[in-house]
Amino acid sequence: MTLHPTNVTQKVRFIILYGSVAEERARTDSDIDLCIYYDGGREEAGRFRFAALSELSDDRYDIQIFTHLPLYVQIEVLRGRVLYCPDERFLYDIAYQTIRDFDDFKHRLYDYIGKEAMV
Numbered sequence: 045m046t047l048h049p050t051n052v053t054q055k056v057r058f059i060i061l062y063g064s065v066a067e068e069r070a071r072t073d074s075d076i077d078l079c080i081y082y083d084g085g086r087e088e089a090g091r092f093r094f095a096a097l098s099e100l101s102d103d104r105y106d107i108q109i110f111t112h113l114p115l116y117v118q119i120e121v122l123r124g125r126v127l128y129c130p131d132e133r134f135l136y137d138i139a140y141q142t143i144r145d146f147d148d149f150k151h152r153l154y155d156y157i158g159k160e161a162m163v
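Quick note: the sequence shown uses the working numbering, first residue 45, plus one each step.
This is the structure in structure tokens:
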């Protein structure tokens with residue numbers, strides 16, 4: 045799969061910069077974390093991710109597909125900086141559902157890692 049402008053405009057719903065670069069605490073060896081919501085099947089999204097990484101000349105980029113990430117990472121992504129989002133309502137809907145899902149899940153996560161859940 046090669047990146048084509050039609051793929052990007054029709055399938056990419058949002059791109060978020062997250063991690064140390066977004067939080068302005070990056071070091072010189074930090075990678076650049078980008079998360080893309082790709083509106084396609086799992087395999088197609090994986091091919092898109094590989095094509096996007098192949099197009100970049102800088103190997104510091106780390107591109108992830110939002111729907112492939114664990115819930116607790118999706119929450120971290122949503123705290124990042126939105127770089128591209130032609131439909132803000134879509135992003136808000138995804139954020140709302142992700143926060144609700146995480147709220148239902150967090151007590152299990154916190155129990156597993158030995159941390160108190162914040163009420």
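The beta carbon of each residue, even a glycine, is placed where N, CA and C say it ideally should be.
Everything numeric in this text was worked out from a predicted model, so none of it was measured.
Any non-hydrogen atom of the ligand NAD closer than 7 angstroms to residue i Cβ
i	result
SER101	As for the ligand NAD, it is missing from this structure, which has no ligand bound.
Neighbour-count burial assignment, residue i, 16 or more Cβ in a 10 Å radius
i	result
GLY63	buried
GLN141	exposed
Backbone CA spacing between residue i and residue j [nearest angstrom]
i	j	result
PHE110	PHE58	9 angstroms
ASP106	ARG91	15 angstroms
VAL117	VAL126	16 angstroms
ALA96	PHE134	22 angstroms
TYR82	ASP73	28 angstroms
ARG144	LEU78	23 angstroms
HIS112	ARG69	25 angstroms
ILE119	ASP102	26 angstroms
ARG93	GLN108	7 angstroms
Continuous beta strand (DSSP E) stretch holding residue i: start and end
i	result
ARG125	125-128
- List in chain order: all unbroken beta strand (DSSP E) runs of 3+ residues lying wholly within the stretch 59-120. 76-82, 105-109
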